[in-house]
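Protein chains in written order, with our numbering: chain Y, 242 to 527; chain H, 11 to 200; chain F, 7 to 203; chain X, 2 to 443; chain P, 6 to 206; chain W, 224 to 555.
Note that the Cβ used here is the ideal one computed from N, Cα and C, for glycine as well.
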Amino acid sequence: MNEITLISVISLGSLGTIAAIVLYMVAQKFKVIEDPRIDIVADKLPGANCGGCGYAGCRALAEEIVRKESLDGMNCPPGGNEVIAEIASVLGLEATEQDPTIAVVRCSGSRENAPPKVKYEGDMTCAFAHSLFAGEGGCPNGCLGYGDCVVSCDFDAMYMEEETGLPVVKDNCVSCGACVKACPRRIIEIRKRGKKDRRIFVSCINVEKGGVARKNCKVACIGCGKCVKECKFDAIVMENNIAYIDYNKCTLCRKCPPVCPTNAIHELNFPPRKPRPETKNEPAKA
Amino acid sequence: MEYFAIIIGAIFVNNIVLAQFLGICPYIGVSAKVSTSVGMSGAVLFVMTLATIVTFLIYNYVLEPFNITYLQTISYILVISSLVQMVEIILKKVSPELYQALGIFLPLITTNCAIMGVALLTIQNEFTLLQGVVFAISHAAGFALAIILFAGIREHMELMDLPKAMRGAPAALVVAGILALAFMGFAGLV
Amino acid sequence: MKQWKNFTKGFIKDNPVYILLLGLCPALGVTTSAFNGLGMGLATTFVLLGSNTVVSIIKNLIPNKVRIPSFIVVIASFVTIVQLTMEAYMPDLFESLGLFIPLIVVNCLVMGRAEAFASKNNIGSSIVDAMGMGLGFTLALTMLGGVREILGAYSIFGIQLIPGVTDGMLVFVLAPGAFIGMGYLIILFNYLKKKTA
Amino acid sequence: MKTFKLGGVHPPENKLSQSATIEVLPLPETVTIPLSQHLGVPANPVVKKGDSVKAGQLIAKGEAFISANIHSSVSGTVQKIDDVTDTSGYRKKAIVIKVEGDEWEEGIDLSKDLIKDITLSPKEIVSRVNEKGIVGMGGATFPSHVKLMVPQGKTAEFLIINGVECEPYLTSDHRLMLEKAEEMLVGIQIQMRALNVEKAIIGIENNKPDAIEHLRKLLTEYPGISVEPLKVKYPQGGEKQLIKALVNREVPSGRLPIEVGCVVHNVGTSFAVYEAVQKNKPLVDRVVTVTGKGLKEPSNFLVRIGTPIANLVEAAGGMPENTGKVVNGGPMMGKSLSDINVPVTKGTSGILLFLQAETSRKPVHNCIRCGRCASICPMGLEPYLLAVLSSHNRFEDCEEEKIMDCIECGSCLYICPSGRPLLDQIRIGKNETGKLIRSRHK
Amino acid sequence: MAKKESTFLNMVLSLFLVTAAASFTLATVYNLTAEPIAQAREAKRQFAISQVVPEFDRLESKMFLPPDGGDSLEFNFAYLNNELVGIAVNTWTNRGYSGRITAMVGFYPDGRISDVVHLQHKETPGLGDKIDKSKSDWSDQFKDIDPETTTLKVRKDNGDIDAITAATITARAYCDAIQRAYDTFADHVLSQTKQEEGLEL
Amino acid sequence: MNLLTVSGSPHVYTEESVSKIMYGVLFSLIPAALVSFYFFGLAAIMVTLTAIVSCMFFEFIIQKYLIKGPVTVFDGSAIITGALLAFIVPASLPLWMVVIGSLVSIGMAKMTFGGLGKNIFNPALVGRVFLMISFPVEMNLYPKPTSFSTQLTDIITGPTPLAVVKEGVAQGEKVSDLLPEVPEYVNLLMGNMGGSVGEISAFAILLGGIYMLIKKIITWEIPASYLGSVVILAGILWMIDPEVYVDPLFHLVTGGLMLGAIYMATDMVTSPMSRWGMIVYGIGCGFLTIVIRIFGAYPEGVAFAILIMNAFVPLINRGFKPKRFGEEVKNG
Ligand SMILES: Cc1cc2nc3c(=O)[nH]c(=O)nc-3n(C[C@H](O)[C@H](O)[C@H](O)COP(=O)(O)O)c2cc1C
Ligand SMILES: Cc1cc2nc3c(=O)[nH]c(=O)nc-3n(C[C@H](O)[C@H](O)[C@H](O)COP(=O)(O)O)c2cc1C
Ligand SMILES: Cc1cc2nc3c(=O)[nH]c(=O)nc-3n(C[C@H](O)[C@H](O)[C@H](O)COP(=O)(O)O)c2cc1C
Ligand SMILES: Cc1cc2nc3c(=O)[nH]c(=O)nc-3n(C[C@H](O)[C@H](O)[C@H](O)CO)c2cc1C
Ligand code: SF4
Ligand code: SF4
Ligand code: SF4
Ligand code: SF4
Ligand code: FES
């Protein structure tokens, strides 16, 4: 061992020792009592303190996660998804297994079924149009067709269909509910996906009296109650002139859609029926 | 006049971020909001000054006399990181408000090129301790200028609905590039 | 298969520079030419490899509270080794990379992999991870260096593309060009990531 | 000449019906009287289907503090009380009355005689105004009796009478000031007594020199009242702007005019107050301007509340073939109609018919940050910023930027060279920010 | 194996061991590389000298203070068969575009410049770096000129040197460095030889 | 069928539109263009046309194929960018460099951020500075003005008046000795001097500025505070030592100051919104211009100054709000 090596080892070793001692002392003396989970979470994080998560270092992220008790919008570029998943399991934040759900658009007042009676100009958002007037088609409950829901979807799971002017939910919907909040008319509902992605629902939420509703839109639910009678499972309730199918009770038996005089009940992802004499309106094809 | 040259040089001409490429990670990472970038700047100012002083002492009173300057990197990083960690722990206990405003940025800075870089440059330029401190403070000011300007621009861009592909880092880097172009106008001031 | 994925993820999907935005300073600072980028990338890969290996070996010997200082010391040692070796055997490259060699020590990528990966995985995976990430980093730096060299000096790896013309668009050799070049390369990589995903 | 300082625009005036004297419109066959014709809580009906009613009879009672009584404007039978389509296409409750003859409730003085003596005490005046369902005729339809009660701890110094009529096209106030000047002046005196103020100022823009002249001549008999001509600038009629212009006081952000000792009433309101107090007549008719470039005879009509707007248009020469838009109110603040069969209400000051070529908004471009919207905003706001914050759902920031101060005058949308839907987005922002603020108080 | 507890002893011990091991390794590497590093540096100096003076077999180094003060310059006297064939002066200037420029200036014993090569600079790539012989032949114009008769200034400043396009500052600085070398050379070497010559006469 | 239109209030709109504003600016540029065409001849025309056409081309390509949004090439803003870019490069610049400048202006400085109105930096200036740093040699050769010539190559070049003075002062010469080397003030005002295509005639630019002021395309705040602060700062220095610092009038009529103050600093997209913000911005531009002109490496600082102040605009907009109605209670 020559001199340089000796000096190096001594000086650096003592630096290290001093650092350890000082750190220990300081840590003991200035202990701050914190949520112990912060330590646990911080431990799981890479500790790179790169700031990539948008927080000031790993510990800051850990504190935020524990404070919010949620992992929404948190990510860690160096650690990746695995780290986040691990944290989720530590904190018990995983979504409990649930029946898969999906967003469903409950209006079929397309341009054809509810032809425009006036022309709208201005901020092309449903929010403003809703606050201004009943809509071009005249239905005060129906879809306005300016796509606030589509804009709100962060998962690219919705688009506006050109001909009908109605939004369509794609299969990759994660049922985050953003569109439900975005729609000023509360047209979108999160429903059970159903077996094999099959769903039956009333595609109308117009609470006006039958005649009035029908005047604006050919496919409005007119509250006639035929479907309620048809359903053997008490899955359909009639309230405020509008039928509603409870997806927990519905067995997807497919009895109700044909009895609806206005074709307001939609069935999705079923094999085609034997042809029926009347032509059927089926605007929302997934 | 010499100090004046150091100050102008560090803030404008050789801006630490825009001309020397140091501390880019926090520059991109912690510049989403003006308020956070101000906090970050404060923390950088503090750590940079402290680190420069300590490393100056280490270099001139340990490494140089014992002829082990090759241990520069390792000793600097060890000292800086322990120091910052210590300050953080103390700050958290002593002044929680200050900790919230500044302290939370401290760990982020420890492992950051800007701090190390300035410490190394101080030695490279053979500054005296006072010059080194002025150098560090000016660099921190340069960092603050760059990141606060940038945060303002980013807050503005937030509202501008950039093309999807550009959002986030790409736009940030292009802005940084144009800023760097503009700062080249300061060339030759010192 | 898993190891292979682990290895290749750093190339595009988790490219440390373009996707994870780590280690930006050297990526911008030294990439005035493809060769410099390559050199820096390899130097970093070496440090990454060394530190990942050592960290995964000693991970259980180190108490938590001094984990970070210890890892830093390990990393810094490898950096110094690179520094000394390069100065001895590649003095020109050493000079042109300058300050950024010692700064590998604070490269978020190195620390991040040591902490996030090596301290939790066995040696084998750690080495694969280091290689993958390191090569991804090298790829990124070489690409940026290449782009800047082509545009800034009309040459690549020192080979003139247009004989007789040596002055390209100087901007690309200077600071603004680094930012701008990287900005657009990030777009490219986001696009590639989407494509390959 | 006085005007307000901050911002303002000069849209073309187009006062086409300026010299058309007020004509009485014939009675329609049925009237539809909405239960919510005022700001605040809708009134509750006190008649049933099949009841026969007389003109001036109370048919719905405003029971909340901010609400107003509603009287039948015609005599006849109540056909139904049901949801009918209102101006916006939504459905609101209304009383539909089939017109049979023109019989008036007893005690209403229908003569033209001017009664100058004011016999009622301030308290009685307020309750009479309340009882007769008087609401602000300047557009906001705020129940007037509320404004005639000075809150405790405050004193009113000035009664400001809004004869500005800064909206282009509209002329109903102008005609009223010419034809019913004395009645209006008595009404002002009544209001002064109710408020216990010494001074009343009538603000009139100087594009109505005849009205200024006419009123000035009469003023000698009415001490305390003065007329102040104002430089033409929109939105001078906004009460905050008017107060600033006339007495140079700024109503603080988020406060009411009484904070600076002012109460603002419209000239039409003063006239209605006169009729209610001196003639015992409830608010059952009003002056409505029907105008537009394609219209044969732009006119001013005295119309019973509940008359379908289609009738007015018919009386003014019929709807032109190429009508593109029908607006209830002025061009700057009015509401466009999706159906012209909706009724005239207490707040209908004008019906405006635009030709197709005139109505279209400009194609929308990106905001070019020209700053014009900010430079003309009479409230000193930054419309471009409010709009963009609102469309990004950043309502906390909206609040910070004082979105609630916006008076929705529309100047910003009017001026924007890029055709940005500024006010549209600001309205959404105001709504949501309002909700946010309210939820905080809960 | 379980993780070690963070007790005081554990902490201090492990950090000490890590640093000690690290420094030991590093010291070893340092010792191994010290020689090659020194060699590399020396090789570089030799190479620079050999570029600017004619072939030689022996070098003698001396330091001289430049007449305007500042850092002293290293003079390398090159001999071939014991005859002075050239002097390589390691000179500097602080007037560069960004920071100090160092260069090796070679003189013939009679005072003419044999050649110039830069050692270190931080000038802008593509602009000021044309002083680099590998980038441009700009610096060849200094060959064989006699500073006694040629003004070492760029033409803009009424000198005889062509500036680098768009990098006058660098060119000016380079001239300054060479002038410094010459002045020192003239002060300490030429005057002496002249004196010696004079004595001989 | 004739459907009624429904929309929120108001229902009347000004005649003003983006393209009207933009074409107004272009119209006001005509005098400056004519002067430069006279002095620099066909070369200037070629540079201007190339810049305009390539700017429009890049805008079209990017909007159509990359952003896939509406195409707005004819709203005039790209034409202005092209024209102004041409106006701030030397007439002798090779045309392919002009095309690169256009690509940078439109592609990098404008479209990267989403097009008209969303850019943070003035596109034409970004283009110019990019060229200046990229091609220092070509961007430093300024043709000498002649009366109209059709010559495109071998144009005689010479330094701009600013460069002459800066270079001279740097060499320790006296300003009074240097001034005879540059054209007289009348010539400087009219444009008979070396310089970029469109910046030479302060007088023609002023004419255009007055037109835009009358048409309310620009407001007085920025040009006034910019020029004012330049005059004041240069004046102070001049009074300190007239042999080292040239007089303020010289600063006003040389270089790109007039063009910058009237056309570039006023670009509404990249300047502050409120009156006081504009004034602060103008003063900042003036200050930086003088600092760079007098103490920096470059003889001309207008482009850098405006770009740097562009970066401050978001902060200025935050800090200088318009006066709100009812903000402070003032009674009486
Ligand atoms: C909740 C509320 C309470 C009000 N209280 C009073 C009041 O006590 N006294 C008064 O003079 N005006 C009162 N106002 C009326 C307003 O000052 C104002 O006249 C009304 O909103 C219509 O004005 P505009 O047409 O300018 O919007 C009140 C308004 C609101 C919305
Ligand atoms: C932008 C704007 C413009 C207005 N213009 C007028 C007007 O021209 N004439 C008018 O009487 N009221 C106008 N108003 C309504 C007044 O602000 C205020 O509500 C009214 O004068 C109060 O009197 P009232 O309650 O008797 O209607 C306007 C309001 C706003 C917000
Ligand atoms: C980024 C940048 C780098 C520069 N680098 C140099 C340089 O290395 N050497 C130099 O002499 N001038 C440099 N300059 C200065 C300018 O090119 C300056 O205009 C020029 O030196 C003045 O000399 P001229 O008379 O040849 O144009 C640089 C300028 C900038 C903006
Ligand atoms: C008064 C005025 C000045 C302008 N100045 C410039 C300019 O300097 N550079 C430019 O590229 N565009 C200019 N434009 C055009 C336009 O605003 C510019 O292209 C936008 O910055 C692009 O978003 C100007 C427009 C106006 C109305
Ligand atoms: S917003 Fe959420 S719920 Fe709606 S479609 Fe998109 S993913 Fe599904
Ligand atoms: S579903 Fe709702 S949000 Fe979506 S377009 Fe229709 S109205 Fe708008
Ligand atoms: S509508 Fe509101 S924001 Fe627009 S100008 Fe009027 S007060 Fe200002
Ligand atoms: S007037 Fe229109 S274009 Fe101008 S700043 Fe306002 S919103 Fe933008
Ligand atoms: S590499 Fe991350 S701050 Fe420099």
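- Per DSSP, L99 of chain F is one residue of the alpha helix (DSSP H) stretching across P97 to L103.
- In this structure, ligand 7 has a non-hydrogen atom nearer than 8 angstroms to the beta-carbon of L423 of chain X.
- DSSP, reduced to helix, strand and coil, places S337 of chain X within a strand of the structure shown.
- By the rule that beta-carbons nearer than 9 angstroms mark a contact, Q125 of chain P touches chain F.
- DSSP lists X:V97 as the bridge partner or partners of T33 of chain X.
- Distances from the CB of L243 of chain X to the heavy atoms of ligand 2 include at least one below 8 angstroms.
- Within the segment 182-221 of chain X, the complete alpha helix (DSSP H) runs of at least 4 residues fall at 182-196 and 210-220.
- With fewer than 16 other Cβ atoms from the protein chains shown falling within 10 Å of its own Cβ, H442 of chain X counts as exposed.
- Per DSSP, the continuous beta strand (DSSP E) segment holding L353 of chain X begins and ends at G351 to L356.
- Listed by position along chain P, the residues whose Cβ is nearer than 8 angstroms to that of L81 of chain H are S28 and L31.
- When DSSP reads this structure, T380 of chain W sits in a beta bridge with W:P366.
- DSSP links G104 of chain P through a beta bridge to P:G101.
- In terms of Cβ geometry, I166 of chain P and Q146 of chain P form a close pair [threshold 9 angstroms].
- Look at M405 of chain X: its beta carbon is at least 8 angstroms from all of the heavy atoms in ligand 2.
- L28 of chain H has its alpha-carbon roughly 9 angstroms from the corresponding atom of I34 of chain H.
- Annotated as distal: V410 of chain Y and M401 of chain Y, with beta-carbon spacing of 9 angstroms or more.
- Its Cα nearest to that of A317 of chain X, the residue X:T292 stands out among X:V127, X:K336 and X:T292.
- The distance from the Cβ of S376 of chain X to that of G8 of chain X is about 7 angstroms, consistent with a contact at the 8 angstroms cut-off.
- Across the segment 167-183 of chain F, CB contacts with chain W closer than 9 angstroms involve D173, G174, M175, L176, V177, F178, L180, P182 and G183, in sequence order along the chain.
- Here I23 of chain X is bridged, per DSSP, to X:N301.
- Close CB contacts of M413 of chain W within its chain, under the 7 angstroms cut and outside five residues either way in sequence, are with S424 and F426 (chain order).
- For T202 of chain F, the closest Cβ of chain H is not nearer than 9 angstroms.
- Distance from the CA of S412 of chain X to the CA of G195 of chain H, rounded to the nearest whole angstrom, comes to 42 angstroms.
- As a beta-bridge residue in DSSP terms, H507 of chain Y pairs with Y:F442.
- Under DSSP, E362 of chain Y forms a beta bridge with W:S230.
- For P236 of chain X, the distance from the CB to the nearest heavy atom of ligand 2 is below 8 angstroms.
- Shown here for F263 of chain W: same chain residues with a beta carbon closer than 7 angstroms to its own, the five before and five after excluded, namely A314, P366, P368 and V420 in chain order.
- By the neighbour-count definition (other C-beta atoms within 10 Å, threshold 16), H175 of chain X is a buried residue.
- Inclusion of D114 of chain X and N281 of chain X in the CB contact set at 9 angstroms is not warranted, their separation being larger than that value.
- Residue environment: S92 of chain H is assigned as buried (16 or more neighbouring CB atoms within 10 Å of its CB, all protein chains considered).
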